[in-house]
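Remarks on the structure that follows.
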Amino acid sequence: MTPDPTNPDYLEHQAIQAQIDKLTMQGELRMDSTVGPAGSASYVPKSWNLDAYRDFLARNRATMPQMNGALPTGTKSILDLAKSTIDGAEGFYPTAYYGSKNPKRTDPKNITVRPGDFDDNAPAQASNEVAIGYGFNLNAHKNWRSLFSQMFGFTDADNHAIANGQKGLTQEQGGQLRDHLILQFNADIDRMLPGTVLNDGERAALISLAYNAGAGGLRRSGIPDAIQRGAKPQEVAQMIRSFNTLGGQLQNRRNHEAAVYLGAKAQAFFDNGSNRLPPQ
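Oh and the sequence shown: position 33 is 32 in numbering that gives the first Met the number 0, straight run, nothing missing.
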């Protein structure tokens with residue numbers, strides 16, 4: 000049935016959905032499914048209503064303006080700092096690939112996922128990780144298919160090929176995906192630290208941590224709690240250095256994140272004879 004474009008219920012649903020799509024693309028919302036009661040119109044199997052929409056925003060939108068304080072302090076803004084930190088640690092891989100802790104990663108020269116190996120329903124844990132681009136974890140983002148369709152215009156067949164390692168992303172598409180996650184994790188940090196003002200380097204470092212360990216991993220690390228109770232930057236930097244290094248595999252990344260968090264204070268923190276300052 001073709002919807003009546005003058006139907007008030009349809010117009011309200013379309014207007015709200017357009018806002019949802021825009022905020023989701025900007026990384027300000029996390030959404031895996033719609034909410035609210037089933038719609039009465041056959042062309043809207045689950046429709047938004049204003050009460051459900053307001054409730055949804057209250058629960059899922061950042062509590063502070065996006066990229067709070069995101070003005071360049073030197074030559075790099077928050078987004079630039081986060082990009083350079085993440086790009087240097089993750090690297091770019093065009094096709095879906097096995098994560099470093101996935102037991103199916105048996106050939107270090109060919110880490111592309113084999114057809115049939117990826118399971119959308121597998122728990123989001125390191126032993127199941129399949130990622131793409133700049134470390135976008137497909138297991139951790141269960142709505143990746145709808146996101147790829149919306150962001151890149153991919154069809155179901157395209158997404159099926161992605162999941163089987165038979166189709167890849169361009170570096171530009173990988174960058175779009177990375178930026179989407181940066182904005183999404185920025186919103187998560189706002190929720191973890193309501194009312195806390197962070198400078199550009201501090202926020203960029205936390206975004207990089209969340210990008211690597213997930214928002215839940217960052218929350219469980221105790222780092223946001225330490226910041227909220229007023230811990231000194233050097234104390235937070237030490238927590239960053241020791242957080243989830245995977246037996247030392249991520250130590251260089253954690254050192255760099257600690258240095259980004261400290262900014263101008265990093266030299267003094269690392270220059271104590273026992274720590275190595277990350278290469279610039």
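Cβ atoms here follow ideal geometry from the backbone N, Cα and C, with glycine treated the same way. Bear in mind that the values here come from a model prediction, so they are computed numbers and not experimental data.
(1) What residues in its chain sit with their C-beta under 6 Å from that of residue 18, if we drop five residues either side in the sequence?
(2) For a minimum of 4 consecutive residues, which ranges assigned as the alpha helix (DSSP H) are wholly contained in the segment 198-267?
(3) How is residue 110 classed by DSSP in three states: helix, strand or coil?
(4) Taking C-beta to C-beta, are residue 103 and residue 116 nearer than 7 Å?
(5) Here's the rule: buried if 16 or more other CB atoms are within 10 angstroms of the residue's CB, otherwise exposed. What is residue 164?
(6) So what does DSSP say about residue 130, is it helix, strand or coil?
(7) For residue 77 versus residue 209, is the C-beta distance shorter than 7 Å?
(8) Go ahead and pull the three-state DSSP assignment for residue 195.
(9) Start and end of the alpha helix (DSSP H) containing residue 156?
(10) Just to check my reading of the structure: residue 129 and residue 98 have Cβ atoms closer than 8 Å, yes? What is that Cβ distance to the nearest angstrom?
(11) Looking at C-alpha atoms only, which residue of 153, 256, 120 is the closest neighbour of residue 244?
(12) Taking the Cβ atom as the reference point for each residue, do residue 111 and residue 94 lie within a distance shorter than 7 Å?
(13) Helix, strand or coil: how does DSSP classify residue 151 here?
(14) Provide the residue(s) that pair with residue 282 in DSSP beta bridges, ordered along the chain.
(15) From residue 261 to residue 181, what distance separates their C-alpha atoms?
(16) Leaving aside the five residues before and after residue 137 along the sequence, list all residues of the same chain whose C-beta is less than 6 Å from its C-beta, in chain order.
(17) Pair every Cβ in the segment 145-160 with every Cβ in the segment 186-200, then say whether three or more of these pairs are closer than 8 Å.
(18) At the level of alpha carbons, what is the spacing between residue 296 and residue 150?
(19) For a quick check, are the C-beta atoms of residue 176 and residue 132 less than 7 Å apart?
(20) Can you tell which of 153, 81, 15 has the C-alpha that lies nearest to the C-alpha of residue 179?
(21) From residue 229 to residue 16, what distance separates their C-alpha atoms?
(22) Quick one: what's got a C-beta closer than 6 Å to residue 167's C-beta in the same chain, skipping five residues either side?
(23) Less than 7 Å separating the beta-carbons of residue 139 and residue 213?
(24) Please determine, among 265, 252, 258, 259, the residue with the shortest C-alpha to C-alpha distance to residue 90.
(25) Going by DSSP, what residues sit across from residue 120 in a beta bridge?
The short version:
(1) Answer for residue 18: no residue qualifies.
(2) If one requires a minimum length of 4 residues, the alpha helix (DSSP H) runs lying completely within the segment 198-267 are 199-219, 222-227, 232-241, 250-261, in chain order.
(3) Note: residue 110 maps to coil in three-state DSSP.
(4) Yes, the pair counts as a contact, with Cβ atoms nearer than the cut-off.
(5) Within 10 angstroms of the beta-carbon of residue 164 lie 16 or more other beta-carbons, which makes it buried.
(6) In the structure shown, residue 130 adopts extended strand secondary structure according to DSSP, grouped into three states.
(7) No. Outside cutoff.
(8) Reduced to three states, the DSSP call for residue 195 is coil.
(9) In the DSSP annotation of this structure, the continuous segment of the alpha helix (DSSP H) that includes residue 156 starts and ends at 155-162.
(10) Their Cβ separation, rounded to whole angstroms, is 7 Å, which keeps residue 129 and residue 98 in contact under 8 Å.
(11) Nearest of 153, 256, 120 to residue 244, Cα basis: 256.
(12) In terms of Cβ geometry, residue 111 and residue 94 form a close pair [threshold 7 Å].
(13) In the structure shown, residue 151 falls within a helical segment according to DSSP collapsed to helix, strand and coil.
(14) No information on residue 282 is available, as it lies outside the stretch 0 to 279 that the chain covers here.
(15) Pairing residue 261 with residue 181, the inter-Cα distance amounts to about 20 Å.
(16) Taken in chain order, the residues that qualify are 129, 143.
(17) No, the segment 145-160 does not touch the segment 186-200.
(18) Missing from the structure shown is residue 296; the chain here goes from 0 to 279 and no further.
(19) Yes. Within cutoff.
(20) Checked all of 153, 81, 15; the closest Cα to residue 179 is 81.
(21) If you draw a straight line from the Cα of residue 229 to the Cα of residue 16, it comes to about 40 Å.
(22) The beta carbon of residue 167 is closer than 6 Å to those of 93, 94 in its chain, skipping five residues each way along the sequence.
(23) Contact: yes.
(24) In terms of CA proximity to residue 90, 252 leads the group 265, 252, 258, 259.
(25) According to DSSP, residue 120 bridges with nothing at all.
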